[in-house]
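K.L.:
Under UniProt numbering, residues 1 to 457 are what the sequence shown spells out, in order.
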Amino acid sequence: MLAACMSSRALAILSFSRYIIGSKSNFSTRIQHHQPPYHHCLNKIMGILYDDVVILRPPDKDGDPTVLTVNCPDKTGLGCDLCRIILFFGLNILRGDVSTDGKWCYIVFWVVGKPRTRWSLLKKRLIEACPSCSSASGISYYQSALQPSKPSDVFLLNFCCHDRKGLLHDVTEVLCELELSIKKVKVSTTPDGKVMDLFFITDTRELLHTKKRKDETIEHLTEILGDAIISIDIELVGPEITACTQASPFIPIAITEDAFDLELPDLAQRGMLRSDYVSITMDNMLSPAHTLVQIICQDHKGLLYDIMRTLKDYNIQISYGRFTTKPRGKCEIDLFIMQADGKKIVDPNKQNSLSSRLRMELIRPLRVAIVSRGPDHELLVANPVELSGKGRPLVFYDITLALKMLGTCIFSAKIGRHLIGDREWEVYRILLDEGEGPSVPRSKIEEGVWKMLMGWD
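Below is the structure:
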């Protein structure tokens, strides 16, 4: 009788709670029904083959998602790292399923890509993010190349060219396609219409010190810039310059902490939020070992990443998780979590802190504002940085794309990291060039950039 009164979601959660609180010794058996038969002995005895750490199953028919499976040792924050990579490649996650016993995890994502998605490269990057199989099995065919490594070398891309609309976005697009990460930017326009661009970049492939990689980069940039190019050069910078790309404890005078306040009613009135409804509930009764977190919210680009990075910063481990998109852009997320000490979250203060942080990140994961600079306007976008030092990918790409689509030119741009409050932020400052023609209203620019960042374009 009780079961008949329960919602289908509650029944599913109850079933999954029984699933994860069973004997941990049976965990590998529980997940193997997802895998090809030849994995059964190989997983138990020798780990897994390199290519089977990540498996991509193409859609059965047009319109179906690609099924992305990750099978590897577990670590706190692995879900965040994988979601960041998926976000960088422009994929949309429709469903997600995560299971772990604390040592080994099995993750399935149902994703939708784009015609230009580089699936083989995506697989390679996901494999690199996974821990070494030896950490769980002792012996393995697959050893991750990721060891404690020194910081990536920083290079200065310096070029001068004639200005045109969309120039900065076109350059940013090339750098993203080449897997060159932008650490800092300084762009300025001279009175005679020339653009001086300084990009401090790192290379995901760690090859920019080679002539071949440098020539490839210059060739792609020269092709996109065309006849507008005047000069271009790439050089390795010294440690004193690299230090300047780190977060500054000083907030520029032009930036105030007010720009980072969460003003939900104002945002909703201007149409920048499709929905400010976020439901977050925590339950410690359903599982003897885990806290159940249930989230219902509006979908946006990078939603799962925003949840995972928050849990990673709080050093929270996920034992089981399920993510599902619903009609009208709604999402339902169920997470069985515990603290690093293996205990559930029972302290009301800790519960409130985590719940408030999740709510803030789901409603407003980035900050967007336009401020007056005398007769001009400056666009400010702030991107929260993980405690690991990594930030949300493609933010500058989305900003410049939105401005290009709005027909708004960029007079100057700066990217830097700053400690604001108790958090590190990556701050994008873009001085808009409104020219002599009719200007785009401030509210339209702010809304256009926000919707592009949220995937609501």
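Positions of the beta carbon are idealized from the N, C-alpha and C atoms, including for glycine. Source: prediction; values computed, not measured.
#1: Are Asp170 and Ile224 closer than 8 Å when you measure CB to CB?
#2: Curious, which full-length alpha helix (DSSP H) runs of at least 4 residues does the region 108 to 193 contain?
#3: What's the call for His209, buried or exposed, on a 16-neighbour Cβ count within 10 Å?
#4: Compare the C-alpha of Ile415 against each of Leu198, Gly90, Lys103, Gln339 and name the closest.
#5: How many angstroms separate the CA atom of Asn71 from the CA atom of Glu386?
#6: Spatial neighbours of residue 459 within its chain, please: C-beta separation below 7 Å, excluding the five flanking residues on both sides.
#7: For Lys404, does the three-state DSSP call read helix, strand or coil?
#8: Could you give the first and the last residue of the continuous beta strand (DSSP E) run that contains Phe323?
#9: How would you call Arg367, buried or exposed, if buried means at least 16 neighbouring beta carbons within 10 angstroms?
#10: Please classify Pro37: does DSSP put it in a helix, a strand, or coil?
#11: Taking Cβ positions, are Ile410 and Leu168 nearer each other than 8 Å?
#12: So the alpha helix (DSSP H) residue 458 belongs to, where does it begin and stop?
#13: Quick check on this structure: which residue in Glu179, Lys194, Pro239, Lys451 has the alpha carbon closest to the alpha carbon of Lys214?
#14: Report the rounded CA-to-CA distance for Ile296 versus Thr324, giving the unit in angstroms.
#15: Do the CB positions of Ser120 and Asp203 come within less than 8 Å of each other?
#16: Need the endpoints of the beta strand (DSSP E) that Ile430 sits in, please.
#17: Does the structure place the region 72 to 79 close enough to the region 278 to 297 that three or more beta carbon pairs sit under 8 Å?
#18: In whole angstroms, what is the alpha-carbon distance linking Leu68 and Tyr106?
#19: For Leu207, count neighbouring C-beta atoms within 10 Å of its own C-beta (all shown protein chains included) and say buried if the count is 16 or more, exposed if not.
#20: Is it right to say Gly63 is buried, meaning 16 or more other beta carbons lie within 10 angstroms of its own, or is it exposed?
#21: According to DSSP, residue 478 sits in a beta bridge with which residue or residues?
#22: So, are the CB atoms of Cys161 and Val185 less than 8 Å apart?
#23: Can you tell me whether DSSP reads Gln351 as helix, strand or coil?
#24: In three-state DSSP terms, what is residue 489?
#25: Could you have a look at His220 and say whether DSSP puts it in helix, strand or coil?
#26: In this structure, how does DSSP classify Leu379 when only helix, strand and coil are distinguished?
#27: Near Lys404, which residues of its chain fall below 6 Å by C-beta distance, leaving aside the five closest residues on each side in sequence?
P.N.:
So, from the listed chains and residues:
#1: yes
#2: Qualifying alpha helix (DSSP H) stretches, in chain order: 119 to 129, 134 to 137, 167 to 177.
#3: exposed
#4: Leu198
#5: 24 Å
#6: Since the first residue of the chain shown is 1 and the last is 457, residue 459 is not available in this structure.
#7: helix
#8: 317 to 325
#9: buried
#10: Because the pLDDT of Pro37 is 34, which lies under 50, any placement of that residue in the model is unreliable, and the number read from its coordinates should be weighed accordingly. Coil, per DSSP.
#11: Result yes, Cβ atoms of Ile410 and Leu168 sit closer than 8 Å.
#12: A query on residue 458 cannot be resolved here, the shown segment of the chain reaching from 1 to 457 and no further.
#13: Glu179
#14: 10 Å
#15: no
#16: 423 to 433
#17: no
#18: Rounded to the nearest angstrom, the two C-alpha atoms are 11 Å apart.
#19: exposed
#20: exposed
#21: The question about residue 478 has no answer here: the residues shown for the chain are numbered 1 through 457.
#22: no
#23: helix
#24: Look at the range of the chain in this structure, 1 to 457, and you will see that residue 489 is not part of it.
#25: helix
#26: strand
#27: Gly166, His169
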